[in-house]
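S.K.: Numbering (full-length UniProt numbering), first residue to last: 1 to 593. For glycine and all other residues, C-beta sits at the position ideal for the given N, C-alpha and C. A single structure is presented below for examination.
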């Protein structure tokens, strides 16, 4: 049973008329809060969201201010119209914790993005809190609730709380058919892709202070009590004003990085180099990473499980990045959280300036899976997959559709020096390569959806010598859909340099409205960033199979190959409707363009 820290006269509390909420300072540095509506309903317990201390509010209902009138569109539950029962109107999130004694944090987001937190305590010690977000419940009322829903199970208030949950369940029966799990508030983009790409990710509130331990459940919080979201206007980026919370100037880098253990939570404002090497599970929840700081997920224990929830943001600053780095063995990384790189600010900068090269870098990740993430508005490339083995990336959405006409180099996946990596069932909207293979062996790229990109590419490839850094051997590209792209399938090698592309098999891929269906060039000028026209690359391109290619394109072929280094190509079952056949020079005799 949660204990009451103190009793406070309501006259000593601060009333926010706009929010209709009473506030009172908490010893932990945060504040207690209670809604005016709850006071009218007989509730008298206020709770601190950070440390979960509770106070009893002493008040006389006759002296309470009149509640603010609701706007006309605030309909009653019984009168709610069908268009307001959409699953995107609200969400409940749930994460299991190891203790049945943990309190539960219930978080509801309505259409106006008003995010409130309520707590139901089953058993809780003073200054101890555990959190569960409810994303996987099978029932969730999808209408706009009052501004605050906070209930605390203490003697005398059980009936009120049970009444609330009964109402939730009753409404859920009416709208269950319209609900989907993890359906956050989204805005669909008119990008001519099949179902559009979300412009906003799942959001949730932030709690706690970095390093505060939570008893029973074993969780540790990392973050700050500042729950504000980063509200930088990406539609009007100020090129000369990066985020001012960069750790190099304001002293925040002098904070002692906490060491977390067991089951850990990163939320609020991230402290640089927070040590998570002793965490068994890590929940990253609506984290705010300061400008110039990398979210460090390296040196992890084997079998660590990492889950992203809410929308995590990364401060804006011209630096090399990456914004996140992951490293370890037998890792399981899951969503459904959103990683917002705030790309609009970077896209407006000059191209020759240093920008975070990758939003999410995977380095020496082995026997692991990454799934269900939403990567939004990356400054440059989305994923770097480097020196990884036996790892799968699936169900990821990469979306920089807001950068159409201005964003550059927004690759989906960049691969280098990997072996046995599978990238499957992902969705990429970008302004550069959907896949860019620099070097790797035994790679599968399957059943992905690429829109607005430069297609599925090997290269640009080449170096002073043929070695592991300049070799692509064993690439399977199958079942992918490429839409509104400059290229469909592309191989480009660098003039004057050496390397090897071999055993690349492309099967049953579909192209929709691409400019060039099949592109193979031995004349890429990396210095100038374009085709030189003279195919002098010494990179060997052998054992290339394209079997089953359908769809529409302006040009079927764009091939400028060095005949001295190409051999054993096979094209068959090509059924692409094109305006022009295109151009072929230097191709091996086995191919008839």
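Would you check if there are 3 or more beta carbon pairs closer than 8 Å linking the region 499-506 to the region 526-534?
M.R.: When C-beta atoms of the region 499-506 are compared with those of the region 526-534, fewer than three pairs fall below 8 Å, so the two segments do not count as touching.
S.K.: Taking 8 Å as the cut-off, decide whether the C-beta atoms of residue 399 and residue 423 are in contact.
M.R.: Translated into the one-based positions of the chain shown, residue 399 becomes position 399. Translated into the one-based positions of the chain shown, residue 423 becomes position 423. One thing to note: residue 399 has its Cβ no nearer than 8 Å to the Cβ of residue 423.
S.K.: Could you round the C-beta distance between residue 495 and residue 470 to whole angstroms and report it? I think they count as a contact, below 8 Å.
M.R.: As a position in the chain shown, residue 495 is number 495, starting the count at 1. As a position in the chain shown, residue 470 is number 470, starting the count at 1. Residue 495 to residue 470, Cβ: 14 Å. No contact.
S.K.: According to DSSP, is residue 22 helix, strand or coil?
M.R.: As a working mapping, residue 22 is identified with position 22 in the chain shown. In the structure shown, residue 22 sits in a strand (DSSP, three-state: E or B).
S.K.: For residue 490, does the count of other Cβ atoms within 10 angstroms reach 16, so buried, or fall short, so exposed?
M.R.: Locating residue 490 in the chain shown gives position 490, counting from the first residue. Answer is buried; the Cβ neighbour count reaches 16.
S.K.: Mapping the DSSP letters down to three states, classify residue 43 as helix, strand or coil.
M.R.: Your numbering for residue 43 matches position 43 in the chain shown. For residue 43, the secondary structure class from DSSP, reduced to helix, strand or coil, is coil.
S.K.: Is it buried or exposed for residue 271, if we count other Cβ within 10 angstroms and need 16 for buried?
M.R.: Translated into positions along the chain shown, residue 271 becomes position 271. Answer is buried; the Cβ neighbour count reaches 16.
S.K.: Residue 288 bridges to which residues according to DSSP?
M.R.: What you label residue 288 is simply residue 288 of the chain shown in a count that begins at 1. BP columns for residue 288 point to 269, 313.
S.K.: Please tell me whether residue 551 and residue 576 are closer than 8 Å, where the distance is taken between their beta carbons.
M.R.: Reading the chain shown from its first residue, position 551 is the one you call residue 551. Reading the chain shown from its first residue, position 576 is the one you call residue 576. Yes.
S.K.: With 16 other CB atoms within 10 Å as the buried threshold, where does residue 155 fall?
M.R.: Indexing the chain shown from 1 puts residue 155 at position 155. At residue 155 the pLDDT is 36, less than 50, meaning the model places this residue with poor confidence; the figure from the coordinates comes in the next sentence. Under this definition residue 155 is an exposed residue.
S.K.: With distances taken from CA atoms, which of 442, 504, 402, 280 is nearest residue 263?
M.R.: For the purposes of this step, residue 263 is taken as residue 263 along the chain shown, with counting starting at 1. Out of 442, 504, 402, 280, 280 has the C-alpha closest to the C-alpha of residue 263.
S.K.: Should residue 481 and residue 512 be called a contact, given that it needs their Cβ atoms to be closer than 8 Å?
M.R.: The residue you call residue 481 lines up with position 481 of the chain shown. The residue you call residue 512 lines up with position 512 of the chain shown. Yes, these two residues count as a Cβ contact at 8 Å.
S.K.: Could you pull the start and end residues of the beta strand (DSSP E) that residue 344 belongs to?
M.R.: By one-based count along the chain shown, residue 344 stands at place 344. Careful: residue 344 lies outside any beta strand (DSSP E), inside the alpha helix (DSSP H) at 343-347.
S.K.: Does the Cβ of residue 273 lie closer than 7 Å to at least one heavy atom of the ligand FAD?
M.R.: For the structure depicted, the ligand FAD is absent and the ligand set is empty, with no information on it obtainable.
S.K.: First and last residue of the beta strand (DSSP E) that includes residue 28?
M.R.: Here residue 28 refers to the residue found at position 28 of the chain shown. Note, residue 28: premise wrong, no beta strand (DSSP E); not H, not E.
S.K.: Enumerate in chain order the residues of its own chain whose CB-to-CB distance from residue 475 is below 6 Å, with the five nearest sequence positions on each side excluded.
M.R.: Numbered from its first residue, the chain shown carries residue 475 at position 475. Here the set comprises 443, 504.
S.K.: Just to confirm my understanding: we take residue 61, look at its own chain, exclude 5 residues before and 5 after, and list those with CB closer than 8 Å. What are they?
M.R.: Along the chain shown, read from residue 1 onward, the residue named residue 61 stands at position 61. If we look at residue 61 and ignore the five residues flanking it on each side, its Cβ neighbours are 39, 40.
S.K.: Return the Cβ separation of residue 24 and residue 32 in integer angstroms, given the expectation that the two are a contact with Cβ distance under 8 Å.
M.R.: Within the chain shown, numbered from 1, the residue matching residue 24 stands at position 24. Within the chain shown, numbered from 1, the residue matching residue 32 stands at position 32. Confirmed, about 4 Å.
S.K.: Suppose the cutoff is 6 Å on Cβ atoms and the five residues either side in sequence are ignored; what does the same chain contact list for residue 580 look like?
M.R.: What you label residue 580 is simply residue 580 of the chain shown in a count that begins at 1. These residues qualify, in order along the chain: 555.
S.K.: So, helix, strand or coil for residue 537, using DSSP?
M.R.: Start at 1 with the first residue of the chain shown, and residue 537 comes out as number 537. Correct three-state label for residue 537: coil.
S.K.: State the Cα-Cα distance for the pair residue 36 and residue 372, rounded to the nearest angstrom.
M.R.: In the chain shown, residue 36 corresponds to position 36, counting from 1. In the chain shown, residue 372 corresponds to position 372, counting from 1. If you take the alpha carbons of residue 36 and residue 372, they lie about 39 Å apart.
S.K.: With DSSP collapsed to three states, give me the class of residue 63.
M.R.: Residue numbering aside, residue 63 sits at position 63 when the chain shown is read from its first letter. Of the three classes helix, strand and coil, the one that applies to residue 63 here is helix, per DSSP.
S.K.: Three or more C-beta pairs closer than 8 Å, one from the region 328-340 and one from the region 291-311: is that the case here?
M.R.: When Cβ pairs closer than 8 Å are counted between the two stretches, the region 328-340 is seen to touch the region 291-311, the count reaching three or more.
S.K.: For the beta strand (DSSP E) containing residue 303, list its first residue and its last residue.
M.R.: On the chain shown, position 303 is the one that residue 303 refers to. Premise fails: residue 303 is in no beta strand (DSSP E) and is neither H nor E.
S.K.: Check whether the Cβ atoms of residue 534 and residue 509 sit closer than 8 Å, and answer yes or no.
M.R.: Along the chain shown, one-based indexing puts residue 534 at 534. Along the chain shown, one-based indexing puts residue 509 at 509. Result no, Cβ atoms of residue 534 and residue 509 do not sit closer than 8 Å.
S.K.: Report the rounded CA-to-CA distance for residue 284 versus residue 564, giving the unit in angstroms.
M.R.: Position 284 of the chain shown, counting from 1, holds the residue named residue 284. Position 564 of the chain shown, counting from 1, holds the residue named residue 564. Spanning the two alpha carbons is a distance of roughly 52 Å.
S.K.: When burial is assigned at 16 or more other CB atoms within 10 Å of the CB, is residue 256 buried or exposed?
M.R.: Locating residue 256 in the chain shown gives position 256, where the first residue counts as 1. The Cβ neighbour count for residue 256, taken over all protein chains shown within 10 Å, is under 16; the residue is labelled exposed.
S.K.: Which one of 587, 440, 408 has the shortest CA to CA distance from residue 357?
M.R.: Your numbering for residue 357 matches position 357 in the chain shown. Comparing Cα positions, the closest option is 408.
S.K.: Name the two residues that bound the continuous beta strand (DSSP E) containing residue 472.
M.R.: The sequence position of residue 472 within the chain shown is 472, counting from 1. Element bounds for residue 472: 471-478.
S.K.: Determine the DSSP secondary structure at residue 485, reduced to helix, strand or coil.
M.R.: By one-based count along the chain shown, residue 485 stands at place 485. Here residue 485 sits in coil by DSSP.
S.K.: Classify residue 14 as helix, strand or coil using the three-state DSSP reduction.
M.R.: In the chain shown, counting from the first residue as 1, residue 14 sits at position 14. Residue state for residue 14 is assigned as strand, using DSSP reduced to three classes.
S.K.: Closest to residue 339 by CA distance: which of 384, 318, 289, 317 is it?
M.R.: Here residue 339 refers to the residue found at position 339 of the chain shown. Residue 289 is the option with its Cα nearest to residue 339.
S.K.: Put residue 517 into one of helix, strand or coil per three-state DSSP.
M.R.: For the purposes of this step, residue 517 is taken as residue 517 along the chain shown, with counting starting at 1. In this structure, residue 517 counts as strand in the three-state DSSP scheme.
S.K.: How many whole angstroms separate the CB atoms of residue 421 and residue 439, which I take to be in contact at a CB cut-off of 8 Å?
M.R.: For the purposes of this step, residue 421 is taken as residue 421 along the chain shown, with counting starting at 1. For the purposes of this step, residue 439 is taken as residue 439 along the chain shown, with counting starting at 1. At roughly 12 Å, the Cβ-Cβ gap does not stay under 8 Å, so residue 421 and residue 439 are not in contact.
S.K.: Give every residue of the same chain whose Cβ lies closer than 6 Å to the Cβ of residue 571, excluding the five residues on either side of it in the sequence, and list them in chain order.
M.R.: For this step, residue 571 is matched to residue 571 along the chain shown. Result list for residue 571: 546, 591, in chain order.
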